[in-house]
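**Q** Be aware that the sequence shown starts at 1, since it is given in full-length UniProt numbering, and climbs by one per residue.
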Amino acid sequence: SCKELHGGPSSLQLPPLLLRSGTSPLQMNFLSLQSFLDGVPSQAVEPPRPAAGVQAETPAFAPRSFRLPAVVSVRKSTSKGCAVVLLRDIDVLERSVQQRVAVVDRVCVEVKRHSRKERDVPEDSGETTPTTACSSREASPAGSPDGAVGGVFVAWGHRVERRMPVSEEGLEAYFNGLVDAPVPPNLVPQPPFQELLQRFPLSSRGPVALNMMPKQDLADAAQLLESPHADQELIKALWQAKDTLDSLWAKPPPPMGRNLCQRVARDQLFPHSGKEGREGREHENRAGEKLAELAAAAGLLEGLPRGASFLDLCGGPGAWSQCLLARRDLALRGFGFTLRSSAGGAQDWQAEEKDDWYPELLAQPNWQALWGADGTGDLLKPGNLEHCAGRLWKAGGAFLCVADGGFSDQAIPANLLELYFYRLLLAELLMAASCLQPGGRFICKLYSAYSSHTAGLLLLAARLFESVAVVKPKSSRVAGPERYLVAFGFHGQTAEAAGITAALTCSHRQGGGAGVLQLPLLSPVVPPEALAAEEEFMQGLRSMANGLCKRQTLALTSILERAELLEEVALEAAAHSAAASPAPQPEPWKAEASPAPGRQSDDRDLRRRERRGRQARGGPRAQERRDQAERASAQAWGNQRPQRGAGRQQRRQAGAEKGVVQDAGAAKGKWGKQKGSSARNEGFLLDLGEQEAKIER
């Protein structure tokens, strides 16, 4: 009939999906044949006429080309919230890796290139959602099973998985829908500036006046906006950029996990900023990486006396101590002073257990932990600083003091971190002036330096040391206010140093050991008029404050724009995939055997329900299920009878065989495999929705 209607040859080359092993031509239903004939050229369409002088060739019969889906397999780990997707389409692979963010099942997921070796790539198993097998060798490149050209690693996290699971079917449909999807512009990230270490030297030429009678001061935004050296408009622009970026976190779903776009945007624009967990890293955490970068850039360990002592101040869990002790050629001796996680009252500054010293560090014979007079390790408590300095001088003093103190208390008002950090920065500078040997070195973390309070401490550091600079490492988060004070060549206990130490001690004692939330700010150690008189120092300070403020604002704005672009592209890709790969409609019998809410069905569930259907044939509901399947099949037969074009003889035969209907459990199973003497006729009575779904797969 195909030859008579369409002029094709008598030997038809059917698509591989239709000619399965064990499937006879009689078991092929009319829908499969009709779907196949849709691709055969019809005589009603006039073929293109050949050019003049060219002999027209007789058009040969060419069936519709069959294109395999992009996905080979999907393997998901529910406990970790991730999956590995093997792909046979190189364009889909490269576009997914370049896009980095996708929205699957209304959840933001991160997509990276799967870098495991080929023998380690998971094969199809009970946990894998298999797709259509690659039966055409032309679609399988040499050496790649099932035509897989690579894979992607998709991650969304176990916390998100518990709240909103991502299904294997959703992953498969998403990546299959990316075939021939338009590639949006601007996928390649364009950083606003180059990632480089920033260094701003500070210097002072003369002694400065000191405030020996400090008192409590008000910690509010006016202390920063009325800065004598920082541009007020730049500070406001920075705060506006931070508020806009914070609003992205507060935006409710869908999609779930929208903050992933912000993190990916930061990693794409600034790959070295705040990077932790890189391959081949030598230190326990990112703090060790920053100290190593500072030491290499500033020459921190160059010329360090062999066997010298160092103090790791507020340095738990000890990455900086490990970095220094790793230099075995220097044979350094270390001391550590940090806040205990179990110490302090409800109003005190609380530390977390993750900040306790590393056990392997405590076991080092050349390293010792100090806890102060009260054993809490709280640098703000009265007597602890003096106790620690006395212990160090009994050991000969320290040649190097490194301080990485900080906190992330959620109760601190927005944009006021610098003011709440003031008392800790003052205590760290006082500790360095109290324990360092002449010629000693000091490295200390600080935050934005817009207020006259922080500026006064930096000026005192310039008076205590020979060389002072504010440095922002490349590994420090470019969108954060973090920076480091690097001071070399301590002058020792001179008359000026003694006066500065006395002024710092007065302010330190004025705090009375209160927590930073109770007493965040004191009046500046250096009066504002004395600070303004230091023109050379103020020039360097102004360059540092405004330069890093502009850089941080530009970084925040770029991250926000990139995050919005990634979210928009991910949503568009999800919409295109949904349109290209619509979800299959459930069959009548699947409504009864649907999984429990929140549970994702997979191949094991299908096989399990199939076995239950076969086992239930003799049960009390077996006849009811068979009646439902018979009515559904009879209705489908009646709806499709005009399109099938069957003759009167076939309709009478189908009516006679209507009572022989495959069981609902067996109907979900293997297509075309029938039991009993009625196997030749049951193939016509299978539900059409199941037929279409299987043909598409």
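For each residue, glycine too, the CB sits at the ideal point set by N, CA and C.
Identify whether F193 lies in helix, strand or coil by the three-state DSSP scheme.
**A** For the purposes of this step, residue 193 is identified with residue 193 of the sequence shown, where counting begins at 1. Reduced to three states, the DSSP call for F193 is coil.
**Q** Cα-Cα, which of L517, M544, V516, R463 is closest to P481?
**A** By one-based count along the sequence shown, residue 481 stands at place 481. Taking only the C-alpha atoms, the option nearest P481 is M544.
**Q** For L417, which three-state DSSP category applies?
**A** In the sequence shown, residue 417 corresponds to position 417, counting from 1. Looking at L417 - three-state DSSP - the assignment turns out to be helix.
**Q** Tell me which residue opens and which closes the alpha helix (DSSP H) that L385 is part of.
**A** Along the sequence shown, read from residue 1 onward, the residue named residue 385 stands at position 385. Run containing L385: 384-394, per the alpha helix (DSSP H) assignment.
**Q** Taking 6 Å as the limit between beta carbons, can you name the residues of its chain near G492, skipping five residues before and five after?
**A** Here the question's residue 492 lines up with position 492 in the sequence shown. So the list reads P438, once near-sequence residues are dropped.
**Q** Determine the extent of the alpha helix (DSSP H) in which I90 is found, giving its start and end residues.
**A** By one-based count along the sequence shown, residue 90 stands at place 90. Run containing I90: 90-99, per the alpha helix (DSSP H) assignment.
**Q** Cβ-heavy atom distance between N176 and the ligand GTP below 6 Å?
**A** Within the structure as shown, the ligand GTP is missing, as the structure has no ligands at all.
**Q** Taking its Cβ as the centre, do 16 or more other Cβ atoms sit within 10 Å of V354, making it buried, or is it exposed?
**A** As a working note, residue 354 is residue 354 in the sequence shown. Rather than Val, the amino acid found at residue 354 in this sequence is Lys. That one is exposed.
**Q** Taking the alpha carbon of M431 as the point to measure from, which residue in V71, L210, K381 has its own alpha carbon closest?
**A** One-based indexing of the sequence shown puts residue 431 at position 431. For M431, the nearest C-alpha among the options comes from K381.
**Q** Quick one: which unbroken alpha helix (DSSP H) runs of 4-plus residues sit fully inside the stretch 226-264? Chain order, please.
**A** Fully enclosed alpha helix (DSSP H) runs of 4 or longer: 232-250.
**Q** Measure the alpha-carbon distance for R258 versus V179 and round it to whole angstroms.
**A** Here residue 258 refers to the residue found at position 258 of the sequence shown. Here residue 179 refers to the residue found at position 179 of the sequence shown. Answer to the nearest angstrom: the Cα atoms are 25 Å apart.
**Q** Starting from Q198, follow the beta strand (DSSP E) in both directions and report where the run begins and ends.
**A** One-based indexing of the sequence shown puts residue 198 at position 198. That run of the beta strand (DSSP E) goes 198-202.
**Q** What does L380 pair with, by DSSP beta-bridge criteria?
**A** As a first step, residue 380 is located in the sequence shown; it is residue number 380 there, counting from the start. None; L380 has no bridge partner.
**Q** Can you give the Cα-Cα distance for G598 and S79, rounded to whole angstroms?
**A** Here residue 598 corresponds to residue number 598 of the sequence shown, with the count starting at 1. Here residue 79 corresponds to residue number 79 of the sequence shown, with the count starting at 1. Low confidence applies to G598: its pLDDT is 44, below 50, so where it sits in the model is not reliable, and the reading given next is rough at best. Answer to the nearest angstrom: the Cα atoms are 15 Å apart.
**Q** Rounded to whole angstroms, what is the Cα-Cα separation between W320 and L362?
**A** Position 320 of the sequence shown, counting from 1, holds the residue named residue 320. Position 362 of the sequence shown, counting from 1, holds the residue named residue 362. When rounded, the distance between both Cα atoms is 14 Å.
**Q** Kindly indicate the opening and closing residues of the alpha helix (DSSP H) around A498.
**A** Here residue 498 corresponds to residue number 498 of the sequence shown, with the count starting at 1. Per DSSP, A498 belongs to the alpha helix (DSSP H) from 495-510.
**Q** Cutting at 6 Å between CB atoms, please list the residues of its own chain near L291, excluding the five before and the five after it.
**A** One-based indexing of the sequence shown puts residue 291 at position 291. Correct list, in chain order: W320, C323.
**Q** Could you give the residue range of the beta strand (DSSP E) that holds R113?
**A** Within the sequence shown, numbered from 1, the residue matching residue 113 stands at position 113. Its beta strand (DSSP E) spans residues 107-113.
**Q** Which first and last residues belong to the alpha helix (DSSP H) in which Y422 is found?
**A** In the sequence shown, counting from the first residue as 1, residue 422 sits at position 422. Its alpha helix (DSSP H) spans residues 422-435.
**Q** On a Cα-Cα basis, can you pick out the residue from R162, T454, A497, A449 that is closest to E466?
**A** Working through the sequence shown from its first residue, we reach residue 466 at position 466. Ranking the options by Cα distance to E466, first place goes to A497.
**Q** Suppose contacts are defined by Cβ-Cβ distances below 7 Å. Is P228 in contact with A532 by that definition?
**A** In the sequence shown, residue 228 corresponds to position 228, counting from 1. In the sequence shown, residue 532 corresponds to position 532, counting from 1. Contact: yes.
**Q** Quick check: what's the CA-CA separation for P201 versus G540?
**A** On the sequence shown, residue 201 is found 201 positions in, with the first residue counted as 1. On the sequence shown, residue 540 is found 540 positions in, with the first residue counted as 1. Cα to Cα, the separation comes out at about 6 Å.
**Q** Would you mind reading off the limits of the alpha helix (DSSP H) that contains R463?
**A** What you label residue 463 is simply residue 463 of the sequence shown in a count that begins at 1. Element bounds for R463: 452-464.
**Q** Counting Cβ pairs closer than 8 Å, one from the stretch 511-527 and one from the stretch 165-178, do we hit at least three?
**A** Taking 8 Å as the limit for Cβ pairs, the verdict is that the stretch 165-178 does not touch the stretch 511-527.
**Q** Assign V72 to one of three DSSP states: helix, strand, or coil.
**A** The residue you call residue 72 lines up with position 72 of the sequence shown. V72 falls in the strand class under three-state DSSP.
**Q** Short of 6 Å in beta carbon distance, which residues of its chain neighbour C261, apart from the five on each side in sequence? Order them along the chain.
**A** In the sequence shown, the residue the question calls residue 261 occupies position 261. Result list for C261: V101, A563, L566, E567, in chain order.
**Q** Taking the alpha-carbon positions, what's the D312 to L196 distance?
**A** The count along the sequence shown starts at 1 and reaches residue 312 at position 312. The count along the sequence shown starts at 1 and reaches residue 196 at position 196. D312 and L196: Cα-Cα distance of roughly 26 Å.
**Q** Across which residues does DSSP place L313 in a beta bridge pair?
**A** If you number the sequence shown from 1, residue 313 lands on position 313. Answer is F337, A403, bridged to L313.
**Q** So, are the CB atoms of E418 and C444 less than 7 Å apart?
**A** The residue you call residue 418 lines up with position 418 of the sequence shown. The residue you call residue 444 lines up with position 444 of the sequence shown. Cβ distance not < 7 Å, so E418 and C444 don't count as in contact.
**Q** Count the other CB atoms, across all protein chains shown, that sit within 10 Å of the CB of Q223; report buried if there are 16 or more and exposed otherwise.
**A** Numbered from 1 along the sequence shown, position 223 holds the residue referred to as residue 223. Answer is buried; the Cβ neighbour count reaches 16.
**Q** Assign V183 to one of two classes, buried (16 or more other C-beta atoms within 10 Å of its C-beta) or exposed (fewer than that).
**A** Taking the first residue of the sequence shown as position 1, residue 183 is located at position 183. V183 should be labelled exposed.
**Q** Can you check DSSP and say which residues form a bridge with G81?
**A** Here residue 81 refers to the residue found at position 81 when the sequence shown is read from its first residue. Partner(s): none; G81 has no beta bridge.
**Q** DSSP has Q216 in a bridge; who is on the other side?
**A** Numbered from 1 along the sequence shown, position 216 holds the residue referred to as residue 216. Per DSSP, L522.
**Q** Write down the C-beta distance between L245 and L560 rounded to the nearest angstrom, noting that I regard them as a contact closer than 8 Å.
**A** Here residue 245 refers to the residue found at position 245 of the sequence shown. Here residue 560 refers to the residue found at position 560 of the sequence shown. Correct: roughly 5 Å between the Cβ atoms.
**Q** Leaving out the 5 sequence neighbours to the left and right, which residues in its chain are closer than 8 Å to N366 when beta-carbon positions are compared?
**A** As a working note, residue 366 is residue 366 in the sequence shown. If we look at N366 and ignore the five residues flanking it on each side, its Cβ neighbours are L325, A331, L332, R333, G334.
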